Amino acid sequence: MIDQAELERQFRGIGLQTGDKVVVHSSLRSIGRVEGGAPTVVRALLSVLGPEGLLVAPTFNFREPRFDPDATPSRMGVISETVRTWPGAVRSWQPTHTVAAIGPGAEALTAGHHLVGGGLSIDSPLDRLAAQGGWVLLLGVGHNRNSTIHVGEAQAGVPHLHVPYGPDGATSVPISVKGETIKVALREFPGCSEAFGAVEGELRRRGHIRDRMVGGASMQLMRGADLIRTVVDLLRDDPTILLCTSTACSRCPGARAMLASNAGHPLSPNA
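Counted from 1, the sequence shown has number 41 at position 42 by numbering that gives the first Met the number 0; the numbering is strictly sequential.
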């Protein structure tokens, strides 16, 4: 059984400090038995970050027909949902890739997320967090759950981000805020992440990853800005490097075809 003190020891051991800002992608099950469950993990992170730190979690709900930031649950696991419902947590209004944040700066980080055109676009909360020197912590999950990689895709200007989801090609989602309905326009649609493990080798070659174990879970910690820069560099060398090879994938085969048709100038860099 892992308690809060042990969690704090391991979070400090990997390099998190008082006053840090961090987005956490997590799997409680991978850690093993935690005394008190997901709330203990969140308390441990908040204790390490201290009163000046900022804890962020993806609280994505993807393609629900309607989104209410106060009520729609996260689909990103129990730790994420615990952050969403934590006293004082602030959740963004973006209807597909919303985030929740706890701590000073949470309001500013999440403000206007629904206005930037995509959940993981330039000037989205994870982009802002990286620009502020924030960290990315993978807690028992791999890079296929590392959403800041999608921000790197946006910075690199990959063209397939502009292909709407699904056969209906919807480019707006209704959200319910304080009893009112608002239509949120979508201009970027983050796709498949199953090939995102391709980033790890280059991150390690550049010395950007710190490793540690907590319980049965491996952890990786990296600066968001280092991650985004690495993704942009990789995509400029090979625009297909983050696309999976499954013929059953609803996104990657079409993305490959789009890149092939733009062979001379496949990317329109934003960074």
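Where is the CB? At the ideal position from N, CA and C, for every residue including glycine.
Quantities reported herein were computed from a predicted structural model and do not represent experimental measurements.
| Asked | Found |
| --- | --- |
| Could you check how far apart the C-beta atoms of Val-172 and Thr-58 are, in whole angstroms? I think they sit under 8 Å. | No, Val-172 and Thr-58 are not in contact; Cβ-Cβ is about 15 Å, not under 8 Å. |
| Within its chain, find whatever has a CB closer than 7 Å to the CB of Phe-195; leave out the 5 residues flanking it on each side and keep chain order. | His-142, Asn-143, Asn-145, Ile-148 and Leu-241 |
| Using three-state DSSP, classify Pro-57 as helix, strand or coil. | strand |
| Bridge partners for Leu-137 per DSSP, in chain order? | His-24 and Gln-219 |
| So, at 8 Å on beta carbons, what are the nonlocal neighbours of Arg-222 in its own chain, with the 5 sequence-adjacent residues on each side left out? | Ala-129, Gly-132, Gly-133, Trp-134, Val-135 and His-207 |
| Residues bridged to Thr-180 by DSSP? | Ser-175 |
| Output the boundary residues of the beta strand (DSSP E) element that contains Arg-209. | 209-213 |
| Can you tell me the Cβ-Cβ gap for Val-47 and Leu-15, rounded? I've got them flagged as a contact below 8 Å. | 5 Å |
| Taking C-beta to C-beta, are Arg-42 and Phe-61 nearer than 8 Å? | no |
| For Arg-83, I'd like the list of residues in its chain whose CB is within less than 8 Å of its CB, leaving aside the five on either flank, ordered along the chain. | Ala-56, Thr-58, Pro-72, Ser-73, Arg-90 and Ala-99 |
| Buried or exposed: which applies to Leu-114, given that a residue is buried once 16 or more other Cβ atoms fall within 10 Å of its Cβ? | exposed |
| Could you give the first and the last residue of the continuous alpha helix (DSSP H) run that contains Val-77? | 77-83 |
| So, at 6 Å on beta carbons, what are the nonlocal neighbours of Cys-251 in its own chain, with the 5 sequence-adjacent residues on each side left out? | Cys-191, Leu-242 and Cys-243 |
| Quick test of your reading: Gly-116 and Ala-184, contact by CB under 8 Å. State the CB separation rounded to the nearest angstrom. | 7 Å |
| Quick one: give me the first and last residue of the beta strand (DSSP E) that Ile-101 is part of. | 98-101 |
| Determine the extent of the alpha helix (DSSP H) in which Gly-253 is found, giving its start and end residues. | 251-260 |
| Taking the C-alpha atoms as reference points, what is the distance between Trp-85 and Ile-101? | 8 Å |
| Given a cut-off of 8 Å, decide if Val-23 and Leu-53 are closer than it, judged by their beta-carbon atoms. | no |
| From Ile-174 to Ala-197, what does the alpha carbon distance come to, in whole angstroms? | 35 Å |
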